[in-house]
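**Q** Structure in structure tokens, see below.
Numbering (the numbering used here), first residue to last: 193 to 529.
Now the structure itself:
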């Protein structure tokens, strides 16, 4: 009665997620989700937050380590007796062979090597080492989306000084981006290249358009610099290196209440530093926070905020991660209830 559902779920995991979880692996993933959710959905002081996170990470690592198929636990540390453990895992081991055989035609057509679906940990690498990049992403999405939210608020307030509409703000953004990309192209072109004259002409056109924008909206060069700063923080895609720079330079944009409640500045910056150290080429491909109308500072009135997610790409680890932000504002908590 357990064999057919197990085979179906195992094959679905292989096709959809590229990995084949064991029975205990499913329990561990659920425990990880609960641990992360309990932290992300609770507003704590800095000390309590860090203490809770540290305890949850250590507990999760110990739990996974004791249940990992790559780590042989001692009978005294096993949560259930080894014979029962083996019996529960038996259907997964059998269906693993069936699932791999079912994927053989796909591998043959795609010319992909018959490699293990789930790679084993490297020598000296703990399960916590494997889970840590995911935990950093789950943490940084709170801090980074808050920075973006506060930046949007500042952008709109600055635009109000000039009575600018959303369409006019977009016109300013496009003119600044055109100038920046044209200048970058001009720096990279070879003077001997026949196309250099065209690149130079594009840059001159971009400067003229930017000057027209300044005259039309009565802006100074300083105003353009302010808008350019805000646009640069909000641009997509965004490399992890650029996010690190933004958090260091514009950390004061984020309210003190949020910083204290979500681990503090140093802890969040260290998370993004760890991400950069693991993969300097890591970047956010896309972030959907268009419905984050209210920041944490306006918690009580934040009833218009909706789903927030980001797509992280790590070329070094060949991994794409979709991260969803958890509960932050009043609307989130109302939805939870």
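A virtual CB, placed ideally from N, CA and C, is assigned to each residue, including glycine.
1. Whole angstroms is fine: what's the gap from residue 515's alpha carbon to residue 324's?
2. Are at least three pairs of beta-carbons, each pair with one atom in the region 313-323 and one in the region 414-424, less than 8 Å apart?
3. Under the three-state reduction of DSSP, which class applies to residue 513: helix, strand or coil?
4. Could you tell me the distance, in whole angstroms, from the CA atom of residue 456 to the CA atom of residue 462?
5. Within the same chain, show all residues whose beta-carbon is closer than 8 Å to that of residue 365, passing over the 5 residues directly before and after it, in chain order.
6. For residue 230 and residue 479, I'd like the C-alpha separation in whole angstroms.
7. Please state if the CB of residue 405 and the CB of residue 367 are separated by a distance shorter than 8 Å.
8. Would you give the residue range spanned by the alpha helix (DSSP H) that residue 419 belongs to?
9. Between the region 425-442 and the region 329-339, do at least 3 Cβ pairs fall closer than 8 Å?
10. Spatial neighbours of residue 207 within its chain, please: CB distance less than 6 Å, with the 5 preceding and 5 following residues excluded, ordered by chain position.
11. Kindly indicate the opening and closing residues of the beta strand (DSSP E) around residue 324.
12. Under the rule that 16 or more other beta-carbon atoms within 10 Å means buried, what is residue 499, buried or exposed?
13. By how many angstroms is the C-alpha of residue 349 removed from the C-alpha of residue 327?
14. On the DSSP bridge assignment, give the partners of residue 480 in chain order.
15. Considering only the beta carbon of each residue, do residue 430 and residue 476 sit closer than 8 Å?
16. State the CB to CB distance for the pair residue 370 and residue 396, rounded to an integer number of angstroms; the pair is presumed to be in contact (CB under 8 Å).
17. Hey, residue 464 and residue 432: beta-carbon distance below 8 Å or not?
18. Residue 473 by DSSP, collapsed to three states: which one?
19. Under 8 Å between the Cβ atoms of residue 382 and residue 388?
20. Count the other CB atoms within 10 Å of the CB of residue 241; is the residue buried (16 or more) or exposed (fewer)?
21. Given that a residue counts as buried once 16 or more other Cβ atoms are within 10 Å of its Cβ, and exposed if not, what is residue 413?
22. Using a threshold of 8 Å, state whether the C-beta atoms of residue 343 and residue 416 are closer than that.
23. Run the CB neighbour count on residue 276, radius 10 Å, all protein chains shown included, and call it buried at 16 or more, exposed below.
24. For residue 363, which residues in the same chain have their Cβ closer than 8 Å to its Cβ, ignoring the five residues on either side in sequence?
25. Can you tell me whether residue 426 sits near the ligand ADP, meaning its C-beta is under 7 Å from at least one heavy atom of the ligand?
26. If I follow the unbroken alpha helix (DSSP H) through residue 366, where does it start and stop?
27. Measure the CB-CB distance between residue 471 and residue 506 and report whether it falls below 8 Å.
28. How far does the alpha helix (DSSP H) with residue 405 in it reach, from first residue to last?
29. Throw me the rounded Cβ distance for the residue 474 and residue 504 pair, which I believe falls under 8 Å.
30. Would you report the Cα separation of residue 446 and residue 329, rounded to the nearest angstrom?
31. May I ask which residues mark the beginning and end of the alpha helix (DSSP H) holding residue 161?
32. Using only the alpha-carbon positions, how far apart do residue 301 and residue 295 sit?
**A** The short version:
1. 14 Å
2. The answer is no - the region 414-424 does not touch the region 313-323, with fewer than three Cβ pairs under 8 Å.
3. strand
4. 10 Å
5. 419, 423
6. Residue placement at residue 230 cannot be trusted, given a pLDDT of 43 that sits under 50; what the coordinates show is reported in the next sentence. Their backbone Cα atoms lie some 23 Å apart in a straight line.
7. yes
8. 413-426
9. yes
10. With a pLDDT of 49 at residue 207, under the threshold of 50, the predicted position of this residue should be treated as unreliable, and no value is reported.
11. No beta strand (DSSP E) holds residue 324; the alpha helix (DSSP H) holding it covers 319-352.
12. exposed
13. Each residue's Cα considered, the two are about 34 Å apart.
14. 501
15. yes
16. The pair is not a contact, with the Cβ atoms about 12 Å apart (cut-off 8 Å).
17. Yes; because the gap between Cβ atoms is below 8 Å, this pair is in contact.
18. coil
19. yes
20. Low confidence applies here, because residue 241 scores a pLDDT of 46, under 50, leaving its location unreliable; read the following figure in that light. Classification for residue 241: buried.
21. exposed
22. no
23. exposed
24. 405
25. No copy of the ligand ADP appears in this structure; indeed no ligand is present at all.
26. 358-380
27. yes
28. 388-409
29. 7 Å
30. Between the C-alpha atoms of residue 446 and residue 329 there is a straight-line separation of about 19 Å.
31. Residue coverage of the chain in this structure runs from 193 to 529, which leaves residue 161 outside it and unanswerable.
32. So the two alpha carbons sit approximately 10 Å from each other.
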